[in-house]
Amino acid sequence: MNSSVKFCVDSTLSTELAHFKLSPGIYHILMGVCIANGLLSPVAVLGNGLVLVVILKFSSLHTNSNILIFSLATTDILVGLVVQPSFVVYIASKLKLDFSCKALMSYLFTEIFCVGLSVLMLSLVCCDRYFAIVFPYKYLNRATKSRVIKTVAICWSTWLAFNVICRALKVKNDEFFSPIASVVISVSFSLNIVLNFKIFQVVRLHKRQILAHKQVVFELKARGNPEDNPEGSGQEAADIPRARLQDTRLAISVLLISGVLILCYLPLMLTSVADMMVDRDDLFDHVIYPLAETVAFLNSSLNPFLYCLRFRELRRKVDQVLKMGTSSNNN
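Numbered by this note's numbering, the letters in the sequence shown go through residues 9 to 339 in order.
Listed below in structure tokens is the structure:
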């Protein structure tokens, strides 16, 4: 055991590392964790990097929703670029029974920053869609691009300042930093669930309204009688506001993205709760937490595919950029 671990982190984890025993079962689990994160890390970096390039390159994609997606993709890049590599180095050092202090510190400090920021950014995405479909007229007047950018900047700077100040002042991890960060992340996570439920209700109502409009159009066309179909009435019934359709589709996309994030982060949240109730720190720190964190990190690799799957314009631009890159390489 490397005695420097005691000075690496002011946490109960240092005690668990001192008593860590590498059994064959734990070895294979941690080896699988290393392989999985080693494969997912470049996918997160390349996929989200491509999303950032496309959004920056095309002005038509500079919408409120895409600004928030841009911010979320940035946090996912940090996960793939910093958190997962340091996590892999740390787990690999446990397999060698020669713990890496730098990897442990890098992993601990950046993980909670990125996880918290991802949940916060998704909360903004959900709030944006909720107000867009519930208060569409107020949203159009008040939700300007500059305000969205300022809100994102405030969230980034506040969360970054909290993390940096706590680390600079060497605030004890278990006594202050982790509890406060956990409360912020838990509240944001719960807010995502509540907003997604409300968005789902509104989307279901919108779908019913759209079906009702289509039924009116069908009935008016079936009659075929000018007296029963005054001029413009069929067109008026058929002319479902495009904004409403677009908002509904975008809300469904947000529901999907949020649902995947919730599913990926839920094991980590439940593990944190169970860890407080069950006195098996060795099992949680060296088996359950690494598995739950790997599932959480998986979200960063899945998000770029979800963006391209749900956002047509973004998917077209990504295809365009990829084709440009392929043609330039051939030349």
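The beta-carbon is built from N, C-alpha and C at its ideal position, and this holds for glycine as well.
Spatial distance of S165 from V211 (CA atoms): Counting from 1 along the sequence shown, the entry for residue 165 is found at position 157. Counting from 1 along the sequence shown, the entry for residue 211 is found at position 203. C-alpha separation (whole angstroms): 33 Å.
Cβ neighbours of V111 in the same chain (closer than 7 Å, five flanking residues each side left out): Translated into the one-based positions of the sequence shown, residue 111 becomes position 103. Reading off the sequence shown, one finds Ala at residue 111, where the question assumed Val. For A111, the CB contacts under 7 Å within the same chain, skipping 5 residues up- and downstream, are S94, V97, Y98, S101 in chain order.
As assigned by DSSP and simplified to three states, the class of K14: For this step, residue 14 is matched to residue 6 along the sequence shown. Residue placement at K14 is flagged as unreliable, the pLDDT there being 45, under the threshold of 50; the coordinate-derived value follows with that caveat. Correct three-state label for K14: helix.
Beta-carbon spacing of S266, L130 below 8 Å: Here residue 266 corresponds to residue number 258 of the sequence shown, with the count starting at 1. Here residue 130 corresponds to residue number 122 of the sequence shown, with the count starting at 1. Between S266 and L130, the gap from beta carbon to beta carbon is short of 8 Å.
Unbroken alpha helix (DSSP H) run spanning H36, endpoints: Within the sequence shown, the letter at position 28 stands for residue 36. Looking at the DSSP string, the run of the alpha helix (DSSP H) that includes H36 is 32 to 65.
Counted within 10 angstroms of its Cβ, other Cβ atoms place K325 as buried (16 or more) or exposed: Position 317 of the sequence shown, counted from the start, is the residue given in the question as residue 325. Within 10 angstroms of the beta-carbon of K325 lie 16 or more other beta-carbons, which makes it buried.
I157 beta carbon less than 8 Å from that of I75: As a position in the sequence shown, residue 75 is number 67, starting the count at 1. As a position in the sequence shown, residue 157 is number 149, starting the count at 1. Yes. Within cutoff.
N- and C-terminal bounds of the alpha helix (DSSP H) containing S165: Reading the sequence shown from its first residue, position 157 is the one you call residue 165. Where S165 is concerned, the enclosing alpha helix (DSSP H) stretches over 153 to 176.
F197 and Y273 closer than 8 Å at C-beta: By one-based count along the sequence shown, residue 197 stands at place 189. By one-based count along the sequence shown, residue 273 stands at place 265. Yes.
Same chain, Cβ closer than 8 Å to V160, neighbours up to 5 away in sequence not counted: On the sequence shown, position 152 is the one that residue 160 refers to. Annotation for V160: I75, L76, S79, M129, L132 place their beta carbon closer than 8 Å to its own, counting only its chain and skipping 5 residues before and after.
Given F319 as reference, the closest of V262, L269, L89, K331 once Cα atoms are compared: Numbered from its first residue, the sequence shown carries residue 319 at position 311. Per the C-alpha coordinates, the member of V262, L269, L89, K331 positioned closest to F319 is V262.
Extent of the continuous alpha helix (DSSP H) run through K340: Absent from the model: residue 340. The displayed extent of the chain is 9 to 339, so no value can be given.
Length of the line joining the Cα atoms of S308 and V91: Walking along the sequence shown from the start, residue 308 turns up at place 300. Walking along the sequence shown from the start, residue 91 turns up at place 83. Going from the Cα of S308 to the Cα of V91 covers about 11 Å.
Whole alpha helix (DSSP H) elements within the region 54 to 140, 4-residue minimum: Taking only runs of at least 4 residues, the alpha helix (DSSP H) segments lying wholly in the region 54 to 140 are 72 to 86, 92 to 103.
Helix, strand or coil at A245 according to DSSP, with G and I counted as helix: By one-based count along the sequence shown, residue 245 stands at place 237. Unreliable placement is indicated for A245, whose pLDDT of 42 sits below 50; the coordinate value is still reported in the next sentence. Assigned with DSSP and collapsed to three states, A245 falls in helix.
With 16 other Cβ atoms within 10 Å as the buried cut-off, status of L86: On the sequence shown, position 78 is the one that residue 86 refers to. Buried.
Of the listed residues V202, L271, K206, N171, nearest to S190 (C-alpha basis): One-based indexing of the sequence shown puts residue 190 at position 182. Of V202, L271, K206, N171, the residue nearest in Cα terms is N171.
Nearest-angstrom beta carbon gap, D84 and A52 [assumed within contact, 8 Å]: The residue labelled residue 52 in the question sits at position 44 within the sequence shown. The residue labelled residue 84 in the question sits at position 76 within the sequence shown. Rounded to the nearest angstrom, the Cβ distance from A52 to D84 is 6 Å, consistent with a contact under 8 Å.
C-alpha gap between V303 and N56, whole angstroms: Numbered from its first residue, the sequence shown carries residue 303 at position 295. Numbered from its first residue, the sequence shown carries residue 56 at position 48. Between V303 and N56, the C-alpha separation is close to 18 Å.
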